[in-house]
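Per the working numbering, residue 197 is the first one in the sequence shown, and the count goes up by one each step. A virtual CB, placed ideally from N, CA and C, is assigned to each residue, including glycine. So the structure is just underneath, and the comments pick up after that.
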Amino acid sequence: MIKLCLLGFGTVGQGVFRILQENKTLSERFAVSSILVRDTNKVREVHADPALLTDDKKEVFSDPAIDCFVELTGEVDGIKDDIVHALQNGKHVVTANKALISAALEELEEAADKGGASLRYEAAVAGAVPVVKAVTDLSRVHPANEIQGILNGTCNFILSRMEAGESYETALKEAQQLGFAEADPSADVDGYDTQRKLRILATLGFGASVTEEDIPCRGIAELEAADLAILKKYGRKVKLMGIAKRKDRRFTAQVCPVCVPHEDAFSQVDGSYNRVQIEADYPGTLSWTGPGAGMLPTAHAVWNDILDAFAHAPVSAPPRTSLVNANETAVNTYYLRAKKPVEKLFPDIPRRSLGDARIVGPVRADTWAEICSRLEEPRWALWIDEE
197 MIKLCLLGFG
207 TVGQGVFRIL
217 QENKTLSERF
227 AVSSILVRDT
237 NKVREVHADP
247 ALLTDDKKEV
257 FSDPAIDCFV
267 ELTGEVDGIK
277 DDIVHALQNG
287 KHVVTANKAL
297 ISAALEELEE
307 AADKGGASLR
317 YEAAVAGAVP
327 VVKAVTDLSR
337 VHPANEIQGI
347 LNGTCNFILS
357 RMEAGESYET
367 ALKEAQQLGF
377 AEADPSADVD
387 GYDTQRKLRI
397 LATLGFGASV
407 TEEDIPCRGI
417 AELEAADLAI
427 LKKYGRKVKL
437 MGIAKRKDRR
447 FTAQVCPVCV
457 PHEDAFSQVD
467 GSYNRVQIEA
477 DYPGTLSWTG
487 PGAGMLPTAH
497 AVWNDILDAF
507 AHAPVSAPPR
517 TSLVNANETA
527 VNTYYLRAKK
537 PVEKLFPDIP
547 RRSLGDARIV
557 GPVRADTWAE
567 ICSRLEEPRW
577 ALWIDEE
């Protein structure tokens with residue numbers, strides 16, 4: 197019997213446990229021997245034997261009988277060193293923790309190589325959408341040229357509701373009531389969750405370490421329903437997207453709201469669904485769409501990783517090259533909302549009237565930062581895709 201330790205018993209952890217309870221094939225092969233929680237007395241949706249619950253981290257990490265740690269805490273500093281030590285000692289690790297993977301991917305890979313252990317994190321990027329394995333396999337032959345995706349179900353749900361006329365505040369409250377958004381939604385709505393996921397995908401797809409610091413990030417909190425209504429008239433929908441592009445030895449990457457044409461496949465992705473699209477030399481354009489969050493979709497991805505960890509020999513992380521960050525020279529076209537007309541301030545920049553708003557561009561990213569710094573509040577900018 198393969199023994200698992202669940203680190204965390206929130207939504208995803210309970211989903212992992214529930215699938216084990218309901219699946220005879222899995223339960224004949226795997227057993228949860230301990231569950232690390234903060235509060236052993238907390239009432240949870242999925243019932244587990246109280247004897248399995250513990251708040252003693254030292255106890256679970258020192259248990260020699262554990263074969264695999266299933267890390268679902270969402271923490272970084274409080275768990276990273278323990279995970280590194282476990283990998284170095286040959287314990288497999290499966291995680292849905294994108295914050296941990298983004299913060300310490302290279303360190304964790306090195307620890308797994310040293311211990312001959314498997315590190316798997318499919319569920320950390322897009323829930324049930326199997327993009328981590330796909331991107332890893334694709335880049336073995338040739339690195340990707342472009343990776344773009346709707347990577348945060350919370351933001352996509354909010355934007356879908358705002359397109360229907362709801363205010364940002366109302367849509368956010370609804371997302372929280374449905375369990376899509378946390379009580380503190382800042383990681384989602386400020387774009388940092390998408391930034392972490394793009395960092396992971398770009399590193400895997402480009403074969404070079406792309407860090408969080410390499411990816412400028414802007415979320416959706418300043419958007420208004422009026423912006424979406426204006427753009428809808430011009431055949432656009434707004435999606436929070438992570439986009440990374442590689443050419444030769446240079447790359448660009450950013451997270452921001454993007455105005456996509458109604459006929460674009462990304463425009464058709466609504467609610468809490470995710471979509472990832474990759475373009476590479478040999479296979480061309482590949483895409484995946486599916487639920488990016490939720491108890492059972494994410495837990496299903498975790499179980500696939502657990503099964504893979506014990507079905508295949510651990511594979512060492514491939515060597516990575518170095519790429520030059522070229523974000524400052526990227527040229528895009530922007531939708532701009534401001535208190536005052538921009539014609540007199542920026543007479544040399546092309547623009548097109550959208551009623552009370554303007555499209556300006558194309559401009560370089562560093563020029564755009566200067567433009568925004570000179571405008572009075574409120575101001576807002578959206579990258580116009582394929583203008």
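Original post:
Under 8 Å, do Ile-262 and Arg-225 count as touching if we go by C-beta distance?
Top reply: Taking 8 Å as the Cβ cut-off, Ile-262 and Arg-225 do not qualify as a contacting pair.
Subject >> Neighbour flag for Lys-443 against chain C, beta carbons, 8 Å >> reply: Of the chains in the structure shown, none is chain C; there is only one protein chain.
Original post:
So the alpha helix (DSSP H) Val-331 belongs to, where does it begin and stop?
Top reply: 327-335
Original post:
In three-state terms, what does DSSP make of Val-465?
Top reply: coil
Subject >> Enclosing beta strand (DSSP E) for Arg-442 [first to last residue] >> reply: In the DSSP assignment, Arg-442 falls within the unbroken beta strand (DSSP E) covering 432-443.
Subject >> Residues near Ile-474 in its chain [Cβ-Cβ closer than 6 Å; skip 5 each side] >> reply: Ala-340, Ile-343 and Leu-482
**OP:** Find out if the Cβ-Cβ distance for the pair Ala-282, Val-289 is shorter than 8 Å.
**Re:** yes
Original post:
Would Ala-324 be called buried (16 or more neighbouring beta carbons within 10 Å of its own) or exposed?
Top reply: buried
**OP:** Please state whether DSSP places Leu-203 in a helix, a strand or coil.
**Re:** strand
Original post:
In its own chain, which residues sit with a C-beta less than 6 Å from the C-beta of Glu-583, not counting the 5 before and 5 after it?
Top reply: Confidence in Glu-583 is poor, its pLDDT being 42 and thus under 50, which makes the residue's placement unreliable; the coordinate value appears in the next sentence. Cβ within range, chain order: Thr-529.
Original post:
How is Pro-479 classed by DSSP in three states: helix, strand or coil?
Top reply: coil
**OP:** With DSSP as the reference, label Ser-363 as helix, strand or coil.
**Re:** coil
Original post:
What distance in whole Å lies between the Cβ atoms of Ser-335 and Ala-421, which are believed to be in contact at a cut-off of 8 Å?
Top reply: Contact doesn't hold; Cβ gap of about 40 Å is too wide.
Original post:
DSSP on Pro-514, reduced to helix/strand/coil?
Top reply: DSSP places Pro-514 in coil when its eight states are reduced to three.
Original post:
Residues in its own chain within less than 6 Å of Phe-612 by CB, not counting five upstream and five downstream?
Top reply: Because the chain spans 197 through 583 in this model, residue 612 falls outside it and cannot be assessed.
**OP:** Please list, in chain order, all residues of the same chain as Ile-396 whose beta carbon is under 8 Å from its beta carbon, the five residues on each side excluded.
**Re:** Lys-294, Ile-297, Ser-298, Leu-301, Tyr-317, Ala-320, Val-321 and Val-328
Subject >> For Tyr-531, the three-state DSSP class (helix, strand or coil) >> reply: strand
Original post:
If you compare alpha carbons, which of Val-228, Phe-265, Phe-257 and Glu-241 is closest to Ala-633?
Top reply: Summary: the structure shown does not reach residue 633, with the chain confined to residues 197 through 583, and so no result is reported for it.
Subject >> Nearest-angstrom Cα separation, counted from Met-358 out to Arg-240 >> reply: 32 Å
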